Every structure is written in structure tokens, then in C-alpha cells.
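Participant: Residue numbers (the working numbering): 133 to 484.
Quick reminder that beta carbons are idealized off the backbone N, C-alpha and C, glycines included.
For clarity, every value in this text was computed on a predicted model and none was experimentally measured.
(1) For the alpha helix (DSSP H) that residue 248 lies in, which residues bound it at each end?
(2) Would you list the one or two residues that DSSP bridges to residue 81?
(3) By how many angstroms is the C-alpha of residue 293 removed from the C-alpha of residue 378?
(4) Compute the beta-carbon to beta-carbon distance between residue 238 and residue 428, rounded to the nearest angstrom, for a pair I have assumed lies under 8 Å.
(5) Between 346, 156, 149, which lies nearest to residue 322 when the distance is taken from Cα to Cα?
(6) State the Cα-Cα distance for the pair residue 352 and residue 364, rounded to the nearest angstrom.
(7) Restricting to Cα atoms, I'd like to know which of 229, 315, 422, 393 is closest to residue 341.
(8) Report the three-state DSSP secondary structure of residue 217 (helix, strand or coil).
(9) Is residue 304 near residue 416, with beta carbons less than 8 Å apart?
(10) For residue 212, does the three-state DSSP call read helix, strand or coil?
(11) So what's residue 395 in DSSP terms, helix, strand or just coil?
(12) What separation, rounded to the nearest whole angstrom, lies between the Cα atoms of residue 480 and residue 308?
(13) If I'm right that residue 160 touches residue 192 with Cβ under 8 Å, what's the distance once you round it to whole angstroms?
(14) Looking at residue 375: is its Cβ nearer than 8 Å to the Cβ of residue 295?
(15) I need the boundaries of the beta strand (DSSP E) containing residue 310, first residue and last residue.
(16) Take residue 366 and list the residues in its own chain whose beta-carbon comes closer than 7 Å to its own, dropping the five residues that flank it on each side.
(17) In chain order, what residues of the same chain have a beta carbon less than 8 Å from the beta carbon of residue 146, not counting five sequence neighbours either side?
(18) Pull up the distance between the alpha-carbon of residue 337 and that of residue 255, whole angstroms please.
(19) Determine the contact status of residue 302 and residue 344, defining contact as a CB-CB distance below 8 Å.
(20) Do the region 266 to 278 and the region 452 to 468 meet, that is, are 3 or more Cβ pairs less than 8 Å apart?
(21) If I follow the unbroken beta strand (DSSP E) through residue 188, where does it start and stop?
(22) Rounded to a whole number of angstroms, what is the C-alpha to C-alpha distance between residue 240 and residue 431?
(23) Would you please state the rounded distance, in angstroms, between the beta carbons of residue 393 and residue 276? I believe it to be under 8 Å.
(24) Mind checking residue 476: buried by the 16 CB within 10 Å criterion, or exposed?
(25) Which same chain residues, not among the five before or five after residue 422, have their C-beta less than 6 Å away from its C-beta?
(26) Quick check: what's the CA-CA separation for residue 319 versus residue 439?
(27) Does any heavy atom of the ligand COA sit closer than 7 Å to the C-beta of residue 234?
(28) Can you list, in chain order, the residues of its chain whose CB lies under 8 Å from that of residue 414, leaving out five sequence neighbours each side?
(29) Pick helix, strand or coil for residue 422, following the three-state DSSP scheme.
(30) Counting only the same chain and skipping the five closest in sequence on each side, list residues whose C-beta sits under 6 Å from that of residue 247.
(31) Using three-state DSSP, classify residue 351 as helix, strand or coil.
(32) Tell me where the beta strand (DSSP E) around residue 232 begins and ends.
(33) Determine the direct distance from the alpha carbon of residue 278 to that of residue 469, and round the result to whole angstroms.
(34) Cβ atoms of residue 419 and residue 452: under 8 Å apart, would you say?
(35) Quick one: is residue 359 buried, meaning 16 or more other Cβ sit within 10 Å of its Cβ, or exposed?
Have a look at this one:
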């Protein structure tokens, strides 16, 4: 009853079709195939009273054969009988190189060209990626600090477009001056021909013990080592003539230290325009805000390395007594080149 080509067959003798169905399902499974059914009468005198039985031949239904995978084509020169690994059937993705990773971090083509012209670049590009990132971070820190003294403000005005966060930056800078450096001084606010909302500045100055005055007021430090900082109305990007009152104030009071506050989350074109406006107004320092809203910090390297302005700080959150970084170059290196954090000077690593 067994056909090797079709599998084993089984014969069942039962009293009814229902019994046959139950027995076949239990023995051969849900998908067994019935090949034949015939009636078998009782033998001898039993046929006089016994009902005939059913003889059923069935077999399990075999699963559909799995088609064989085509044999991989051997590469020219490969030994016969050797199996090629499965991974060789898929094209290998090229590992990203150092310039590709820097582009992903937001580095501009201008900055990449500048790095490529550095004498250190061939060695950095030839290193493993981790070492290349560390070396690039170290190189960028050195470029950012070359010829740039640490910011030491005494009489400074804080400038910026409306919504740039200039008043918040002033508050954060005051906290650093008072708490970290123990300095004293006062703040002057001015409105001129347009309103200048003080925001949290009055309450914050009161909490720090820093006097706050409205212009006209003394714009020179009250003590030899003290400071005076001016909070001015927002600048106009569309109408430069609207900034005339701010320019007159800066010139009349002889305030040469001017901090340009830039919202780093601005569209690149707006960011460049605001930077150009500040430079035209004689800005000497730059502060970046809203870094917590920016995914790719790499585009700020152009302003830190090539811009004429001294980086003052960058803010990474809304807290007025924290969420800021004074070492802008180190903060950018740690964010855009995570591996470069290992190359930070020991004092910076301890402060992190």
C-alpha cells in the first residue's frame, strides 16, 4: 500500500463515516487525503445481523516542496566545491569617510575646504574615524582660540533682532559675572523710539543685587573693577534706518564693546543677514541662543572660526542661571564631534 513517490498509505476499517473522519484526523492530521472508500460486508453468519463496515485508505498530505535556492555563481578563480558566504551576495556598503561625517554634522563646504587645506588634514583623513574625529576636534579648538583673548567685558551693549534672546543672554551673563567671578556693577535699559520689554531682567537683577536703571542714566562703571551692561531695543533687519537711534546711543556714550545675540535656530539666510547687520553696527562679540532647538550645530563653526566677532557664550536651555557654555569652541566640538570630547583639555573634562 505504500508508494515511495507519494508517501505511506494507511487503511482504516470503521463503522461509519463520522468515525472515519475522527480517526483519520487524529492519526494523520487535519489535511490527510482519502484515497479510496469501499464497503466491507460482515463474513459468515454475522452478515445476517451485523451492518457492513467501511474500509478507507488515506495518507497524510505532504507539504509543498520548498524550491531549492540557485547555487551562487562562483567567482572567477574560486575553487570548485567551495561555498561562497551569504554576505557576498549583497553589495557591501562603503564605510563613511571623515568628510562625509562632518557634512552630516552640519559642516559647510567652506569649512571643509579650509580643513582640507590644513597641513594636518591628510594625516587626519587617513586615521581611523574615531581618531580622525578626535584630531579634527583638537584642530578646530586650536583654530578658534588662536589670537582670541578670553572675553572680559566692562562696558557692553547687548544687541539683537526681536526674539533673538538678547535679554535672556544678558541675564545669563550677569549670573556668570556675579556668581562665578564675584563682580559687581549695574544695568541700564533704554527704549528710544520703540518699546523694549524688560522681560525677567528687573526681577533677576533684584535677585542678584544688581542695580537696574533706565536711560538716561550713568553708563560708566560705578567702581574701578565694576561693569555696566546696556539692554537695548531689538534691531530691524528690513529697515536699517530704524536702527539709527541705537547707533546714536552707542556713539554718544562711547560704548565700544557690543555683543551681538544670534538665534542659532534662524534660517541660514536670516542668520547670515543678522550677523552681517551686527558687524555693520560694530559688534565685537557674539552669543548664540536657542541651541536646544537646533539639531545640527556644525554650521556655527563658520561664525566662530572665520567671523570677526569674539564668541562670548551659547545657551542650551531656558534657565537664567545655567544652560549656557562659555567655551563656545569646546561646546561645538563636543556636540558636532562626539569622539572629540576625549581630546578636551583636562580642566574642561573635569568641568563637564
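Facilitator: A quick look at the data gives this:
(1) Where residue 248 is concerned, the enclosing alpha helix (DSSP H) stretches over 241 to 248.
(2) No answer is possible for residue 81: it lies beyond the span of the chain, which begins at 133 and ends at 484.
(3) Looking at the two C-alpha atoms, the distance is approximately 12 Å.
(4) Contact between residue 238 and residue 428 holds, since their C-beta atoms are separated by about 3 Å, short of 8 Å.
(5) Relative to the Cα of residue 322, the nearest Cα in the group 346, 156, 149 belongs to 346.
(6) Straight through space, the alpha carbons of residue 364 and residue 352 are spaced by roughly 16 Å.
(7) For residue 341, the nearest C-alpha among the options comes from 315.
(8) Per-residue confidence for residue 217 stands at a pLDDT of 49, beneath the threshold of 50, marking its modelled position as unreliable; no derived number is given.
(9) Against a cut-off of 8 Å, the Cβ pair of residue 416 and residue 304 comes out as no contact.
(10) In this prediction, residue 212 has a pLDDT of 46, which is less than 50 and means its spatial position is unreliable; nothing more can be read from the coordinates.
(11) Reduced to three states, the DSSP call for residue 395 is strand.
(12) Because the pLDDT of residue 480 is 38, which lies under 50, any placement of that residue in the model is unreliable, and the question is left without a value.
(13) About 5 Å separates the two Cβ atoms, so the contact holds.
(14) At the C-beta level, residue 375 and residue 295 stay beyond 8 Å of one another.
(15) For residue 310, there is no enclosing beta strand (DSSP E), as DSSP marks it with neither H nor E.
(16) Within the same chain, residue 366 has close Cβ partners 292, 293, 294.
(17) So the list reads 152, 155, 185, 186, 188, once near-sequence residues are dropped.
(18) One C-alpha to the other measures close to 51 Å.
(19) Annotated as distal: residue 302 and residue 344, with beta-carbon spacing of 8 Å or more.
(20) Segments in contact, yes.
(21) Residues 185 to 191.
(22) Rounded to the nearest whole angstrom, the C-alpha separation of residue 240 and residue 431 is 6 Å.
(23) Contact between residue 393 and residue 276 is ruled out by a C-beta separation of about 19 Å, above the 8 Å threshold.
(24) With a pLDDT of 48 at residue 476, under the threshold of 50, the modelled position of this residue cannot be trusted; read the value that follows with caution. Buried, by the Cβ-count rule.
(25) Cβ neighbours of residue 422 within its own chain (closer than 6 Å, five residues either side excluded): 395, 396, 397.
(26) If you draw a straight line from the Cα of residue 319 to the Cα of residue 439, it is about 28 Å long.
(27) Among the components modelled here there is no ligand, and therefore nothing to report on the ligand COA.
(28) Within the same chain, residue 414 has close Cβ partners 382, 388, 390.
(29) Note: residue 422 maps to coil in three-state DSSP.
(30) Excluding sequence neighbours, residue 247 sits near 253.
(31) The answer is coil: DSSP assigns residue 351 none of H, G, I, E or B.
(32) It is not in any beta strand (DSSP E) - residue 232 instead sits in the alpha helix (DSSP H) that spans 230 to 236.
(33) Taking the straight line joining both Cα atoms gives about 20 Å.
(34) Result no, Cβ atoms of residue 452 and residue 419 do not sit closer than 8 Å.
(35) Under this definition residue 359 is a buried residue.
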